[in-house]
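Novice: Numbering (my numbering), first residue to last: 24 to 311. C-beta: ideal position from N, C-alpha, C; glycine also. Here's a structure for you.
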Ligand code: AMP
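The structure is reproduced here in structure tokens:
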């Protein structure tokens with residue numbers, strides 16, 4: 024396993040792989056790796072000859088400085104996990120490497136799908152995501168990149184960014200990985216107490232309740248949202264619970280096409296997100 028810090032070295036390694044007509048499947052992460060990330064690595068292996076993983080806690084996508092500072096940083100453990108997964112290249116750049124000093128500050132334009140949900144709640148977040156992922160794409164030059172549907176909106180934003188930016192990268196979405204109890208895996212779960220983790224199961228239970236209503240024929244977004252948000256609001260500070268079109272991410276009244284049910288909820292001051300797609304006969308990304 025090669026661990027590369029310098030962007031120039033990473034780009035050279037990619038050029039070398041490409042010159043041998045081998046393909047690169049890329050998984051960008053912020054480290055504190057868990058089973059969700061490892062599942063993305065395995066998906067990447069199915070799509071490319073060489074798997075490259077980046078570990079970079081990107082400061083520009085944190086709209087809350089304290090959240091950035093509290094973000095778990097576990098590089099040594101992460102490198103071991105990558106080694107155990109036979110990852111060929113781990114790219115661990117520094118902030119200065121990704122954002123060279125003295126560089127001209129170019130404004131980032133966002134696709135329409137970035138405007139609601141996380142985009143509305145976390146001003147500047149998707150600007151940071153689009154900026155860092157486009158920088159990583161230019162350095163790593165992947166053929167394929169894998170993103171988790173845990174961050175469904177991010178996946179849609181990256182798809183649109185890839186198209187509009189003219190990047191020749193295939194974007195793969197990978198279903199949410201959960202604990203056996205149903206909690207969506209997240210690096211942020213490390214900040215929850217044992218009790219908090221149990222409480223956080225309310226999120227996936229709410230998704231299941233919504234899926235149940237939907238399967239029984241309920242198609243009113245408002246009715247589903249109200250029913251599942253009420254118990255959450257009793258126990259937690261709920262940032263949002265929304266149903267939007269799964270493609271455009273625009274608000275939906277009556278569900279006639281696949282719709283995304285997305286939520287952001289604070290449990291013990293930790294902001295957790297979860298989602299599922301409500302669509303007839305959907306198995307993928309279901310909250311089970
Ligand atoms: P992060 O390190 O949180 O930036 O996540 C890196 C990638 O892993 C993103 O594409 C996430 O959507 C994905 N990811 C994180 N948690 C999960 C999960 N529980 N299931 C599937 N993908 C995940």
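Does the beta-carbon distance from residue 194 to residue 229 come in below 8 Å?
Specialist: Cβ atoms of residue 194 and residue 229: not closer than 8 Å.
Novice: Could you give the first and the last residue of the continuous alpha helix (DSSP H) run that contains residue 286?
Specialist: From DSSP, residue 286 is part of no alpha helix (DSSP H) but of the beta strand (DSSP E) over 282-290.
Novice: Please indicate yes or no: does the CB of residue 174 lie closer than 7 Å to some heavy atom of the ligand AMP?
Specialist: The answer is yes for residue 174.
Novice: Between which two residues does the alpha helix (DSSP H) containing residue 151 stretch?
Specialist: 148-163
Novice: Let me check understanding here. Comparing Cα to Cα, which of 160, 203, 202 and 200 lies closest to residue 182?
Specialist: 160
Novice: Going by DSSP, which residues form a beta bridge with residue 196?
Specialist: 170
Novice: Using DSSP with H/G/I as helix, E/B as strand and the rest coil, what is residue 294?
Specialist: strand
Novice: In or out: residue 66 buried (at least 16 other Cβ within 10 Å) or exposed?
Specialist: With 16 or more other Cβ atoms within 10 Å, it is buried.
Novice: Can you tell me where the beta strand (DSSP E) with residue 246 in it begins and where it stops?
Specialist: No beta strand (DSSP E) holds residue 246; the alpha helix (DSSP H) holding it covers 244-258.
Novice: Taking a contact to mean a Cβ-Cβ separation below 8 Å, would you say residue 283 touches residue 175 in this structure?
Specialist: yes
Novice: Per DSSP, which one or two residues make a beta bridge with residue 49?
Specialist: 75 and 168
Novice: Taking residue 101 as the reference, give the member of 139, 59 and 125 with the closest Cα.
Specialist: 59
Novice: Measure from the C-beta of residue 72 to each C-beta in chain B and report whether the shortest distance is under 8 Å.
Specialist: In the structure shown, chain B does not exist; there is a single protein chain.
Novice: Are there three or more Cβ pairs, one per stretch, closer than 8 Å when the segment 85-96 is compared with the segment 119-128?
Specialist: no
Novice: Decide yes or no for the touch test of the segment 239-254 against the segment 266-277: beta carbon pairs closer than 8 Å, at least 3 of them.
Specialist: yes
Novice: Taking 7 Å as the cut-off, is the C-beta of residue 53 nearer than that to any heavy atom in the ligand AMP?
Specialist: yes
Novice: Is residue 62 close to the ligand AMP? I mean its beta-carbon at under 7 Å from any heavy atom of the ligand.
Specialist: yes
Novice: Mind reading off the beta-carbon distance from residue 286 to residue 258? Whole number of angstroms is fine, and I expect it under 8 Å.
Specialist: Not really, about 13 Å apart at Cβ, beyond 8 Å.
Novice: What are the partner residues of residue 183, as DSSP defines its beta bridges?
Specialist: DSSP lists no partner for residue 183.
Novice: If we call anything under 8 Å between Cβ atoms a contact, is residue 215 one with residue 223?
Specialist: yes
Novice: DSSP three-state label for residue 96, please.
Specialist: coil
Novice: Just the C-alpha distance for residue 198 and residue 63, rounded to the nearest angstrom, thanks.
Specialist: Cα to Cα, the separation comes out at about 9 Å.
Novice: Can you give me the Cβ contacts of residue 254 inside the same chain, cut-off strictly under 8 Å, excluding the 5 residues immediately before and after it?
Specialist: Excluding sequence neighbours, residue 254 sits near 225 and 229.
Novice: Buried or exposed: residue 37, going by 16 or more other Cβ atoms within 10 Å of its Cβ?
Specialist: buried
Novice: Any heavy atom of the ligand AMP inside 7 Å of the beta-carbon of residue 197?
Specialist: yes
Novice: Give me, in chain order, the residues of the same chain whose beta-carbon lies closer than 6 Å to that of residue 158; leave out the 5 immediate sequence neighbours on both sides.
Specialist: Same-chain partners within the cutoff: 121.
Novice: I'd like to know whether the C-beta atoms of residue 79 and residue 30 end up nearer to each other than 8 Å.
Specialist: no
Novice: Quick test of the definition: if touching needs 3 or more C-beta pairs under 8 Å, does the segment 106-116 touch the segment 33-50?
Specialist: yes
Novice: Just to confirm, are residue 192 and residue 153 a CB contact at a threshold of 8 Å?
Specialist: no
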